[in-house]
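Heads up: the protein sequence lines correspond to chains A and B, in order. Sequential numbering from 1290 applies to the first sequence in my numbering. Sequential numbering from 19 applies to the second sequence in my numbering.
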Amino acid sequence: MEGTAQLKARSKRKRWSTDSISEIMLYAWTIIVLIITLYPLYFIVIASFSDPYAVGNGQVWIFPKGFTLDGYKELLNHSRIWIGYRNTIAYTIIGTLIGLAVNLSAAYALSRKDLFGRKILTLFFIFTMFFNGGLIPTFLTIRDFGLYDTFLVMVLPFAVGVFDIIVARTFFQNSIPSDLWEAAQMDGCGNLRYYFLIVLPLSKAIISVLALWIAVGHWNSYFNALIYINNQELYPLQLVLRNILITNQMQSDMGSGEAAQIALRLANMLRYSVIIVATIPIMCVYPFVQKYFNQGVMIGAVKS
Amino acid sequence: MSQYTLRMKRTAAKISKNWGLYLLLLPAVVLLILFTYKPMYGVIIAFKDYNPSLGITGSPWAGFKYFEKFFNSYQFEVTLKNTLYISLYSFATFPIPIAFAVLVNQMRQNVYRKFFQTVTYMPHFISTVVLIGIMMILLSPGNGLIGNIYRLFGAEAPNLMGSAGLFSSLYVWSDVWQQTGWNSIIYLAALSAINPNLYEAAKVDGATRWQTVRHIDLPMLMPTAITLLILRVGGLLGVGFEKVFLMQNNLNISGSEVLSTYVYKIGLLSAQYSFSSAINLFNTVINLILLIIVNQISKKYSENSIW
């Protein structure tokens, strides 16, 4: 008869081998995922430095072939890319500032249990997540306010993000102790002063999370510009990108001839380099801010 | 002083005491009223023969004419079918981020895990335009990556982006590629909140890795998963405009025209305002109904619901 000690030892050994197999499989899986995730992006990077003929011919797999900077030089010939860049930077910075101001303050107010009408006000915000007037009425409203084809339409009318407000509200409820307000009140501090001088400095985590969400949203969006902007001088980068990536498709059906060939080659290279140039800023900023994310999302999302 | 006046006075006092808070709320409320609530009135356009020169109130009443027009049109079947198909297909991938989170949670806490997480969250930050651009480049049968792979085997690659039948697969799986890592964050957060003693106890009892997952991880994720699921059902008929619009082309249109893109084309491109609004309203109402139904079901059978 086996004693308990021997039974335990045997099951430990069995567990060990099943567990180490599963561990190997786990790490094998992670490597596959890494490759699937990274390779497309990596390919674009090396292709942007390669001769397009080599790329089209299946010679480019791991390293660039026919190293050339022509694709990047071609970027300089297209001023609309840089106009788009300039516009997107402006929209992102101003849009984020406005978004933070509007959403954080609303979130704080809604986080206060002593706010009269809190339930109704919260419903007022949440309702808009499920129902809105639709594309046409919103378009007509924007036009009637004279905001069509203006800088403002990209940063103001849609600044309210109810999801962001909910997450921020949860943060305020859980991270700002209510006794703090009571103490401040006794010292004669009003709501506004309290918010700006005490709550905000304590809320760096949620401010960075929200700022990042809003900024990335602005950087990557093209829908609002598609609908509400007509003037090419106001186009954001993504809209320019869309034109390049789609217009180039049409160019590839162009006829023959020396000049057309050269133009075609440059057009193809442009697609790679423009993708890289448009995505680099986000890719650079992102790793630095990543730690704030995980923090913020966990605080905000899990609790709410 | 009557009871009523007393209550009014107290309420007024509550409000005026916190006037600062109402001030903080003001910008958001004003923006919502002007640009989200005010357009809601425009929903009426769906029931009228909207004429821009007559304005909303001045335009003649048309009842359900445009709804009928839509239901009887050829596009009704096509758009509804595509929208539902893409939605349900996408919906079916719902468990993937959960599985992803469970697996990541099994990784040891080290540099490799951090690296892995950083890399898999990255695609989320690529813009839709860039994502579709990358897809077009890779899948181009002429000089794309797929073309090269096929030629290695001496074949010619099919034009995947031009296929109506493959549209939904391309749409859904590129979404999985882009969003799985990011979507798993919330599940990872829930998993990290699990009491480690539970794992200790399971280990002592001789549980295998898989058993821990089945009996600890998954049940703890249920509440979060169900809440997110409900929200997703509410958006079932709301296949996003942005991505579909970029992926559409003349070749795949029979498989890629969805409600939202159709609304855009009818409304803003051919200026049939009333018709477009009717379709849009139809879409929104169905979403609301679905949301309510699923919420009620969830309330009945589990503890979770949105309200």
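All C-beta atoms, glycine included, are put in the ideal place defined by N, C-alpha and C.
- When the alpha-carbon of Glu174/B is set against those of Tyr189/B, Ser186/B, Leu157/B, Leu188/B, the nearest one is in Leu157/B.
- In the structure shown, Asn69/B falls within a strand segment according to DSSP collapsed to helix, strand and coil.
- For Gln197/B, the enclosing alpha helix (DSSP H) covers residues 185 to 210.
- Residue-level contact check: Gln1527/A touches chain B, since one or more beta carbons of chain B fall below 8 angstroms from its beta carbon.
- Here Ile1335/A has Val1349, Phe1352, Pro1353 as same chain residues with Cβ atoms under 7 angstroms from its own Cβ, once five neighbours each way along the sequence are excluded.
- Your pair Arg1531/A and Val147/B checks out as a contact, with CB atoms roughly 5 angstroms apart and the cut at 8 angstroms.
- Neighbourhood of Asn298/B in chain A, by CB distance below 8 angstroms: Gly1423, Leu1424, Ile1425, in chain order.
- In the assembly as shown, Leu1559/A is a buried residue. Its beta-carbon has 16 or more other beta-carbons within 10 Å.
- Boundaries for Asp1438/A: no alpha helix (DSSP H) harbours it, and the DSSP string shows neither H nor E there.
- Closest in C-alpha terms to Tyr282/B, from the list Ile1564/A, Ile1535/A, Tyr1517/A, comes Tyr1517/A.
- Ile284/B and Phe185/B have their C-alpha atoms roughly 22 angstroms apart.
- The alpha-carbon separation between Glu1363/A and Ile167/B amounts to approximately 28 angstroms.
- Contact note: Pro1576/A reaches chain B through Thr136, using a C-beta cutoff of 8 angstroms and chain order.
- In the DSSP assignment, Met58/B falls within the alpha helix (DSSP H) that extends over 56 to 59.
- For Ala1390/A, the C-beta contacts it makes with chain B under 8 angstroms involve Pro45, in order along the chain.
- In the structure shown, Trp1350/A falls within a coil segment according to DSSP collapsed to helix, strand and coil.
- Contact annotation: Leu121/B and Gly1347/A have beta-carbon atoms that are not nearer than 8 angstroms.
- In terms of Cα proximity to Ile1465/A, the closest of Ser1492/A, Cys1478/A, Leu1315/A is Ser1492/A.
- Using a Cβ-Cβ cut-off of 8 angstroms, Pro1353/A does not count as an interface residue toward chain B, since no Cβ of chain B sits closer than that to its own.
- Note on the region 59 to 126 of chain B: whole alpha helix (DSSP H) runs with a minimum of 4 residues are 73 to 76, 83 to 90, 92 to 110, 113 to 123, in chain order.
- Taking a cut-off of 8 angstroms on C-beta distances, the region 129 to 144 of chain B does not touch the region 222 to 236 of chain B, as fewer than three cross pairs fall below it.
- Under the three-state reduction of DSSP output, Cys1573/A falls in the helix class.
- Proximity of the region 1497 to 1504 of chain A to the region 59 to 78 of chain B falls short of the contact definition, fewer than three beta-carbon pairs being nearer than 8 angstroms.
- About 24 angstroms separates the beta carbon of Ser1337/A from that of Ser1510/A, a gap too long to meet the 8 angstroms contact definition.
- When DSSP assignments are scanned along the region 1334 to 1388 of chain A, the uninterrupted stretches of alpha helix (DSSP H) that are 4 or more residues long and fall wholly within it turn out to be 1341 to 1345, 1359 to 1364.
- The beta carbons of Ala46/B and Asn1392/A sit closer together than 8 angstroms.
- Put simply, the CB of Asp1453/A is far from chain B, with every gap to its CB atoms at 8 angstroms or more.
- Using beta-carbon distances, Gly1477/A does not count as an interface residue toward chain B, since no partner is under 8 angstroms.
- Within the region 289 to 318 of chain B, the residues whose Cβ lies closer than 8 angstroms to some Cβ of chain A are Tyr291, Ser294, Ser295, Asn298, Leu299, Thr302, Asn305, Leu306, Leu309, listed in chain order.
- DSSP places Gln266/B outside any alpha helix (DSSP H), giving it a letter other than H or E.
- Using a Cβ-Cβ cut-off of 8 angstroms, Ile271/B is close to nothing in chain A; its nearest Cβ partner there is about 15 angstroms away.
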